[in-house]
Structure formats: C-alpha cells, structure tokens
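Here is the structure we will look at.
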Amino acid sequence: MVDAARALCIVVVTLWHWTLSVTHRTADGSLSMPNPIHAVPGGWLATWVLQIMPVFFLVGGYANLVGWQRAQARGTTAGRFVLDRLRRLLWPTAAWALIWLAGELVAAALPGTHRWMWEWFPGYLTPLWFLGVYGLLIAVVPITTSLHARYGAWVLVALVLLIALGSVAHRGAGLAWAGWVTAALVWLFCHQLGYAWRGWELGHRPLAQRLAVAGAGLIALVGLTAGAGYPASMVATAGVESNIFPTNAAIAALAVFQLGLLILVTPAAGRLLRRPAAWKPVVALNVAALTIFLWHMTAYLVVLWGYEGLGGTLPARPTAGWWAQRWLWLLAPSVVMAVLVVLFVRVELAARRPRRQARR
1 MVDAARALCI
11 VVVTLWHWTL
21 SVTHRTADGS
31 LSMPNPIHAV
41 PGGWLATWVL
51 QIMPVFFLVG
61 GYANLVGWQR
71 AQARGTTAGR
81 FVLDRLRRLL
91 WPTAAWALIW
101 LAGELVAAAL
111 PGTHRWMWEW
121 FPGYLTPLWF
131 LGVYGLLIAV
141 VPITTSLHAR
151 YGAWVLVALV
161 LLIALGSVAH
171 RGAGLAWAGW
181 VTAALVWLFC
191 HQLGYAWRGW
201 ELGHRPLAQR
211 LAVAGAGLIA
221 LVGLTAGAGY
231 PASMVATAGV
241 ESNIFPTNAA
251 IAALAVFQLG
261 LLILVTPAAG
271 RLLRRPAAWK
281 PVVALNVAAL
291 TIFLWHMTAY
301 LVVLWGYEGL
311 GGTLPARPTA
321 GWWAQRWLWL
331 LAPSVVMAVL
341 VVLFVRVELA
351 ARRPRRQARR
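The sequence shown begins at 1 in full-length UniProt numbering and counts up one residue at a time.
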C-alpha cells in the first residue's frame, strides 16, 4: 500500500502542475502559475484530497522506519544509514541541478541580457522545498525512530501541543518566526505519523479504529477551517492566505485525515494490487519516482516553449478555452517526460545501489 501511495503522490503532483496551473506571462515576461481553485465553486474541497504533500511525508516516515529497522538488523551504523538515504536523494538532485546550471551558464555567456531561472519562473523551483525538508528529516531518523519506539503516541501528542503553541504565537501574537518553526514541526509530525502507520500496522486495524483516525482528522480540519479562520483550500489560492507557506496546523490535521483515508482503503487496495495489471504501473512509477519529481517541470517547460513558439498564447484566467486544452497539457508533457525518464532514471537507480564498502 505504501508503494501505491507514493506512486499516487507522484501522479497527483505532476498532473496538478501540468493541467491545473493557469500558467501565463506577467507584464515583465515572467511565468506565473496560479491554480483555478478560486474560480471553481467548491473547488477547495478537492484540495482536501489532492493536496498530497502530507502523504509524501507519511510515506517517507513509513519507508524510513522500515529501512532503519532493516539497517539495524544488518548491524549498519546510524551514520551509514543516513548517508545511504541521503545519497538516494542527493545524487539525482545534483544531476538535475548541474544540468540546469550548465544551461544557465551557457545562456548567460551568450550576447544580450540574461535572466536567471528564479527571476522569470520561480514556480519551477518552488516544489523543491520538499527535498530540503525531507533531507533534514532523514538526517534525524535514528533519533526520531528511537523516540517513537520509546514513547509512542506521546511523541505525537507533544508535537500537537507544540504546533498549537506555535500557531498561537504566529497567528495570535503575530510572531513571523513562530510560523516557520511551526512549519518544521508540522512536517516532523507528518513524518512521525508515518512511523505510526508502519509500527502500529494501522492499515490492518479494525474498521472502527480506522474510521476513528479519519474522523479525528476530519473534525480537526473542519474545526480549524470553519472555526479558527484557517483557509479552506489546502493549496495556495489567489487572494487568500496560504496553509502551505508557512505550513500550519491545518496541514497537520489534513495529514491525519489523509492517513485515515489511506488505512481505510488498505484492505481493498491490497486485493487490487495483487493483480499484475495494477501492481506493475506502481512498480514502474516507484522506480523513477524522484526522477519524475525533479524533471516533470522541465517537461512542462519544454512543451510551453514549443506551444509559444508555434504562436500559442497562454491565458491568464481559467476560461472555457483553457479548460478545453487540458488534454494537450496532459499528453504533450507526458511524451517529453518519458524521454527524460529514459535519460536520467539511471542516476536514480545508481544512487540506490549499496556502496561497495557497505556490501563488504
């Protein structure tokens, strides 16, 4: 189930950026990519399922606990475990960064003015915050897993209390720094929930317990959005405060709700995934998960350049014509993405191979 959840995350993030971003040129020629949630009646409700970033961290916590338990069984040191996990993350990221930096330097050396990527298309780099946060969580896995093993649910309770205090300091007292501290605590909470998912075998609990998890998350989410003034949309929406930057308590509640949904469907998903027709796509997506995450915006940008080069105009609002083109922005980037995966997935695969010293 955890592999299927990871594959789902990759698909949702990729398709959201490709098909549900109203990407257009601003007055200075830069690219902006807001979403159309504000223009869709009740669209905010879809974000309670489609804002998939908490699931990334739930899956990460589950997988890191499994990996740490296996490493301990082999006698692997904490330092070696962390370095191996970070290598899986950093090698593909370094390859992506070096290729883009080389392209930027070549462009800067050509005659004429040059605008760096972060100046004309900051949205291209925004999704990469995930890699930095996740890398920090990997670095403390030996500590956080020990806390989980020793104190169990009390770790989650402590994090909830700290998130509540940070929220009061940020939203009540107006302390900006408290908002960013709270953001770090929220993602740690999501990762720690992944430990609970694995360690307590939540997907195999009685239905009443699984419903209780989903219900607790839903009640907290409704309470925070309807009663405490948090935005109803879980993604950034035009003219509305964002729940993501900085990440706040609503995202912590969303993580509990989404964990509840995952464990509710676990029995049915397990039966479905026993079928090769369902399991093989999950395996394929997991093999290239980080490659797709890193390069999907490049595939999108290549199609965008081609579209404009052929005389196409990028609308600034989700008009009927914009909706009618969604098939194009699904199919065309998919073709480019397939080529990029063939070229760069080998870096991701190489990063997963155990080092010779570790094998010896």
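Just so it is clear, CB atoms sit at the ideal spot from N, CA and C, and this is done for glycine as well.
Bear in mind the structure is a predicted one, so any value in this text is a computation, not a measurement.
Next on the checklist: If you reduce the DSSP assignment to three classes, tell me which class LEU193 lands in.
Outcome noted: Working through the sequence shown from its first residue, we reach residue 193 at position 193. LEU193 carries a helical assignment under DSSP once its states are collapsed to helix, strand and coil.
Next on the checklist: Based on DSSP bridge pairs, tell me the residues matched to LEU86.
Outcome noted: Your numbering for residue 86 matches position 86 in the sequence shown. For LEU86, which the question treats as bridged, DSSP gives no partner whatsoever.
Item to check | Nearest-angstrom Cα separation, counted from LEU165 out to LEU147 | outcome: As a first step, residue 147 is located in the sequence shown; it is residue number 147 there, counting from the start. As a first step, residue 165 is located in the sequence shown; it is residue number 165 there, counting from the start. Rounded to the nearest angstrom, the two C-alpha atoms are 21 Å apart.
Item to check | alpha helix (DSSP H) segment containing ILE143, residue limits | outcome: Working through the sequence shown from its first residue, we reach residue 143 at position 143. 141-151 is the span of the alpha helix (DSSP H), which, as asked, contains ILE143.
Checklist entry - How would you label GLY150, buried or exposed, when you count the other beta carbons within 10 angstroms and need 16 or more for buried? => result The sequence position of residue 150 within the sequence shown is 150, counting from 1. Gly is not the amino acid found at residue 150; the sequence shown has Arg there. Sixteen is the threshold: since fewer than 16 other Cβ atoms of the shown chains lie within 10 Å of the Cβ of ARG150, the residue is exposed.
Next on the checklist: To the nearest angstrom, how far is the alpha carbon of ALA358 from that of VAL82?
Outcome noted: Position 358 of the sequence shown, counted from the first residue, corresponds to residue 358. Position 82 of the sequence shown, counted from the first residue, corresponds to residue 82. Note that ALA358 scores a pLDDT of 47, beneath 50, so its modelled location is shaky and nothing firm can be said.
Item to check | Any chain C beta carbon closer than 7 Å to GLY112 | outcome: No chain C appears in this structure, which consists of one protein chain only.
Item to check | ALA324: first and last residue of the uninterrupted alpha helix (DSSP H) it sits in | outcome: Counting from one through the sequence shown, the residue named residue 324 turns up at place 324. Taken as a continuous stretch (DSSP letters only), the alpha helix (DSSP H) holding ALA324 covers 320-324.
Next on the checklist: As a quick exercise: from ALA214, GLY60, ALA220, VAL155, pick the residue whose alpha carbon is nearest that of LEU131.
Outcome noted: On the sequence shown, position 131 is the one that residue 131 refers to. For LEU131, the closest alpha carbon among the candidates ALA214, GLY60, ALA220, VAL155 is that of GLY60.
Item to check | Assigned secondary structure, ILE233 (DSSP; H/G/I helix, E/B strand, else coil) | outcome: Here residue 233 refers to the residue found at position 233 of the sequence shown. Here residue 233 is Ser; the residue named in the question, Ile, does not match the sequence. Of the three classes helix, strand and coil, the one that applies to SER233 here is coil, per DSSP.
Checklist entry - In three-state DSSP terms, what is ARG242? => result Walking along the sequence shown from the start, residue 242 turns up at place 242. The sequence given here places Ser at residue 242; Arg does not occur at that position. In the structure shown, SER242 sits in coil (DSSP, three-state: anything other than H, G, I, E or B).
Item to check | Contacting residues, own chain, Cβ-Cβ under 8 Å from VAL160 (five flanking each side not counted) | outcome: Taking the sequence shown and counting its residues from 1, the one referred to as residue 160 is at position 160. The answer, listed in chain order, is PHE189, ALA252.
Item to check | Identity of the residue in ALA153, PRO36, ALA4, GLY67 nearest VAL22 by Cα | outcome: Along the sequence shown, one-based indexing puts residue 22 at 22. Distance check between VAL22 and each of ALA153, PRO36, ALA4, GLY67 places PRO36 closest, using alpha-carbon atoms only.
Next on the checklist: Using C-beta distances below 7 Å, list every residue in its chain close to ARG317, excluding the 5 sequence neighbours before and after it, in chain order.
Outcome noted: As a working mapping, residue 317 is identified with position 317 in the sequence shown. Excluding residues within five positions, the ones whose Cβ falls inside 7 Å are VAL22.
Checklist entry - What do you reckon, are the CB atoms on GLY260 and ALA214 nearer than 7 Å? => result Within the sequence shown, the letter at position 260 stands for residue 260. Within the sequence shown, the letter at position 214 stands for residue 214. In contact: GLY260 and ALA214 (Cβ atoms closer than 7 Å).
Checklist entry - Considering only residues of the same chain and omitting the five flanking positions on each side of residue 361, which have a CB-CB separation below 6 Å? => result Absent from the structure is residue 361, since the part of the chain shown begins at 1 and ends at 360.
Checklist entry - How long is the line joining the alpha carbons of ALA250 and HIS24, rounded to whole angstroms? => result The sequence position of residue 250 within the sequence shown is 250, counting from 1. The sequence position of residue 24 within the sequence shown is 24, counting from 1. Using only the alpha carbons, I get a separation of about 29 Å.
Item to check | Rounded Cβ spacing between ARG198 and LEU65 (contact assumed at less than 8 Å) | outcome: Along the sequence shown, read from residue 1 onward, the residue named residue 198 stands at position 198. Along the sequence shown, read from residue 1 onward, the residue named residue 65 stands at position 65. Confirmed, about 5 Å.
Checklist entry - What are the partner residues of THR247, as DSSP defines its beta bridges? => result Position 247 of the sequence shown holds residue 247. According to the DSSP secondary-structure assignment, THR247 is paired through a beta bridge with ILE244.
Checklist entry - How many angstroms separate the CA atom of TYR230 from the CA atom of ALA208? => result Start at 1 with the first residue of the sequence shown, and residue 230 comes out as number 230. Start at 1 with the first residue of the sequence shown, and residue 208 comes out as number 208. The C-alpha of ALA208 is placed about 29 Å away from the C-alpha of TYR230.
Item to check | 7 Å Cβ shell around VAL341 - same chain, five flanking residues per side excluded | outcome: For this step, residue 341 is matched to residue 341 along the sequence shown. Excluding sequence positions up to five before and after VAL341, its CB lies within less than 7 Å of the CB of ALA288, THR291, ILE292, all in the same chain and listed in chain order.
Item to check | alpha helix (DSSP H) segment containing THR126, residue limits | outcome: Along the sequence shown, one-based indexing puts residue 126 at 126. Counting along the chain, no alpha helix (DSSP H) covers THR126, and no H or E run does either.
Item to check | Cβ pair count under 8 Å reaching 3, the segment 110-126 against the segment 175-185 | outcome: With a cut-off of 8 Å, the segment 175-185 and the segment 110-126 do not count as touching, because too few Cβ pairs lie within range.
Checklist entry - In the DSSP assignment, what are the bridge partners of ARG25? => result In the sequence shown, counting from the first residue as 1, residue 25 sits at position 25. For ARG25, which the question treats as bridged, DSSP gives the partners LEU31.
Checklist entry - Can you give the Cα-Cα distance for TRP295 and MET337, rounded to whole angstroms? => result In the sequence shown, the residue the question calls residue 295 occupies position 295. In the sequence shown, the residue the question calls residue 337 occupies position 337. One Cα belongs to TRP295, the other to MET337, and the distance between them is close to 7 Å.
Checklist entry - Whole-angstrom Cβ separation of ALA263 and ARG210, contact assumed at under 8 Å? => result Within the sequence shown, numbered from 1, the residue matching residue 263 stands at position 263. Within the sequence shown, numbered from 1, the residue matching residue 210 stands at position 210. In the sequence as displayed, the identity of residue 263 is Ile instead of Ala. A Cβ-Cβ separation of about 5 Å places ILE263 in contact with ARG210 under the 8 Å criterion.
Checklist entry - CB-CB under 7 Å to TRP116, same chain, minus the five flanking residues each way: which ones, in chain order? => result Taking the sequence shown and counting its residues from 1, one reaches residue 116 at position 116. Correct list, in chain order: GLU104.
Checklist entry - Considering only residues of the same chain and omitting the five flanking positions on each side of VAL240, which have a CB-CB separation below 8 Å? => result Taking the first residue of the sequence shown as position 1, residue 240 is located at position 240. Once the five neighbours on either side are set aside, the close Cβ partners of VAL240 are HIS38, PRO231, SER233.
Item to check | Nearest neighbour of VAL303, chosen from TYR195, SER334, ALA324 [CA to CA] | outcome: If you number the sequence shown from 1, residue 303 lands on position 303. It is SER334 whose Cα lies nearest to the Cα of VAL303.
Checklist entry - Going along the chain, which residues of its own chain have a beta-carbon closer than 6 Å to the beta-carbon of SER242, five neighbours each way excluded? => result Within the sequence shown, residue 242 is the residue found at index 242, counting from 1. Listed in chain order, the non-local C-beta contacts of SER242 below 6 Å within the same chain comprise ALA236, local neighbours out to five positions each way being set aside.
Checklist entry - Tell me which same chain residues have a C-beta within less than 6 Å of the C-beta of ARG87, skipping the five on either side of it? => result In the sequence shown, counting from the first residue as 1, residue 87 sits at position 87. Only ALA351 meet the Cβ criterion.
Item to check | alpha helix (DSSP H) segments (min. 4 residues) lying fully within the segment 198-235 | outcome: Within the segment 198-235, the complete alpha helix (DSSP H) runs of at least 4 residues are 207-222.
Item to check | VAL133 (DSSP reduced to helix, strand or coil) | outcome: The sequence position of residue 133 within the sequence shown is 133, counting from 1. Taken through DSSP and simplified to helix, strand or coil, VAL133 comes out as helix.
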